[in-house]
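**Q** Each residue of the sequence shown is one higher than the one before, starting from 1144 at the first, in the numbering used here.
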Amino acid sequence: MSSDLVTYESNEGIAVITINRPDKMNALSNGVVASIRDAFIKLNESDDRCAIVTSAGDRAFSVGADLKDPPRDPELWECMPGVGVNVDKPLIAAVKGYCVGGAYCLVQFCDIAIADETADFFYPEAQIGFCGGLIAGLAARLPHKIAMEFMLSGKHFSAQRAYETCMVNKAVPKGQLMETAMDYATIFRDSAPLVTGMLKRFVREEVVNRGPSELSALARKDLLAITRSEDQQEGGRAFREKRKPVFKGR
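(1) Counting C-beta neighbours from all protein chains within 10 Å, is the total for M1291 16 or more, i.e. buried, or is it exposed?
(2) Taking the beta strand (DSSP E) that F1264 falls in, what are its first and last residues?
(3) Give the range of the alpha helix (DSSP H) segment to which V1176 is assigned.
(4) Tell me whether A1269 sits in a helix, a strand or coil according to DSSP, three-state version.
(5) Thinking just about the alpha-carbon of each residue, which of A1279, I1330, V1389 and A1302 is nearest to the one in D1315?
(6) Which residue or residues does DSSP assign as beta-bridge partners of D1259?
(7) What are the boundary residues of the beta strand (DSSP E) that S1198 is part of?
(8) Quick check on V1230: does DSSP put it in helix, strand or coil?
(9) Can you tell me which residues form a DSSP beta bridge with N1093?
(10) Spatial neighbours of I1160 within its chain, please: C-beta separation below 6 Å, excluding the five flanking residues on both sides.
(11) Answer with buried or exposed for E1348, where buried requires no fewer than 16 other C-beta atoms within 10 angstroms of its C-beta.
(12) In angstroms, rounded to a whole number, what distance separates the CA positions of F1300 and F1293?
(13) For T1339 and P1224, which I take to be in contact (beta-carbon distance under 8 Å), what is that distance rounded to the nearest angstrom?
(14) Taking only the alpha-carbon atoms, compute the straight-line gap between T1370 and G1174 and give it to the nearest angstrom.
(15) Identify, in the order they occur along the chain, each residue of the same chain with its Cβ nearer than 7 Å to the Cβ of V1176, setting aside the five sequence neighbours on each side.
(16) Could you check where the beta strand (DSSP E) with A1203 kicks off and where it finishes?
(17) Check the C-beta distance from V1238 over to A1262 and give it rounded, since I have them as a contact under 8 Å.
(18) Should F1331 be labelled buried (16 or more other beta-carbon atoms within 10 Å of its own) or exposed?
(19) Pull the bridge partners of P1224 from the DSSP assignment, please.
(20) What are the residues that DSSP puts in a beta bridge with S1301?
(21) Roughly how far, in whole angstroms, is the beta-carbon of D1191 from the beta-carbon of I1157, given that I think they are within contact range, below 8 Å?
(22) For the region 1312-1390, list the beta strand (DSSP E) runs that are entirely contained and at least 3 residues long, ordered along the chain.
(23) For A1324, which residues in the same chain have their Cβ closer than 6 Å to its Cβ, ignoring the five residues on either side in sequence?
(24) Enumerate in chain order the residues of its own chain whose CB-to-CB distance from G1415 is below 7 Å, with the five nearest sequence positions on each side excluded.
(25) From P1388 to R1180, what does the alpha carbon distance come to, in whole angstroms?
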């Protein structure tokens, strides 16, 4: 899979999913969100054992939702692993430059996060008066006071601060980001996929508490599956044509 907005490259069992909109600082437009979601679906269906999630250019991993083309269909949560798409293969976020707002939610839902020294994390939603709520799950993944500081203050967290507060696994010098991410990916590729998948499911379904927006998204995902189904279209057609519907379960 390769598109203008997100690319998917596969090499020896390791996928690299790249947000490819550097001219817009990789802002999460409607098309980008749809393409990230589709990339995770492709990962699930592929023989790849794990994926690195990164971005093009040096200025930003992503500056979050594109306010000029906000993700509405699909919505932002639909591209989040473990929320919109369940991904049982290990995911490694490789972050450089700005990582803002909803873009940090994407990092949060990956299993491993690496940041190079240019990374700058911040969540300014409380200062601009907008929030989708997915970030609340951060308090289940980090020490409470750190999560609240990040969510409420809008303060910038450097790569080193992010490492010290467990927001990322490693902070590395510029130029070593992908090498470090690939080291993790190689370990995961060579590990037993039944075990890594089981552990991810156990943690996702039984260990980590979900925030209200996550729970709402999970319910909405089930509802959308019906709304967007062939069966719903068939039901409507059959009603209009005064005949018995033929449902196919898809």
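Ideal Cβ placement from N, Cα and C applies to all residues, glycine included.
**A** Working from what's here:
(1) So M1291 ends up on the exposed side.
(2) Its beta strand (DSSP E) spans residues D1263 to F1265.
(3) That run of the alpha helix (DSSP H) goes N1173 to E1188.
(4) In this structure, A1269 counts as helix in the three-state DSSP scheme.
(5) Per the sequence shown, residue 1315 should be read as Val rather than Asp. Nearest C-alpha to V1315 among A1279, I1330, V1389 and A1302: A1302.
(6) Note: D1259 sits in a beta bridge opposite V1315.
(7) S1198 -> beta strand (DSSP E) spans C1193 to S1198.
(8) The three-state secondary structure of V1230, taken from DSSP, is coil.
(9) For residue 1093 there is no data in the structure shown, the boundaries of the chain being 1144 and 1393.
(10) Excluding positions up to five away in sequence, the list reads Y1151, A1182, A1194 and V1196.
(11) Around the Cβ of E1348, a 10 Å sphere holds fewer than 16 other Cβ atoms; the residue is exposed.
(12) Put simply, the backbone Cα of F1300 is about 8 Å away from that of F1293.
(13) The beta-carbon distance between T1339 and P1224, rounded to whole angstroms, is 14 Å. This is too long to meet the 8 Å contact definition.
(14) Rounded to whole angstroms, T1370 to G1174 spans 20 Å at the Cα level.
(15) Excluding positions up to five away in sequence, the list reads P1214, P1217, L1219, E1221 and C1222.
(16) Per DSSP, A1203 belongs to the beta strand (DSSP E) from A1203 to S1205.
(17) Contact holds; Cβ gap of about 5 Å.
(18) Classification for F1331: buried.
(19) Partner(s): V1228.
(20) S1301 is bridged to D1263.
(21) Their Cβ separation, rounded to whole angstroms, is 6 Å, which keeps D1191 and I1157 in contact under 8 Å.
(22) The beta strand (DSSP E) runs of length 3 or more contained entirely in the region 1312-1390 are, from start to end of the chain, 1313-1315.
(23) These residues qualify, in order along the chain: I1195, I1235, A1237 and I1257.
(24) Given a span of 1144 to 1393 for the chain in the structure shown, any question on residue 1415 remains unanswerable.
(25) Rounded to whole angstroms, the gap between the alpha carbons of P1388 and R1180 is 31 Å.
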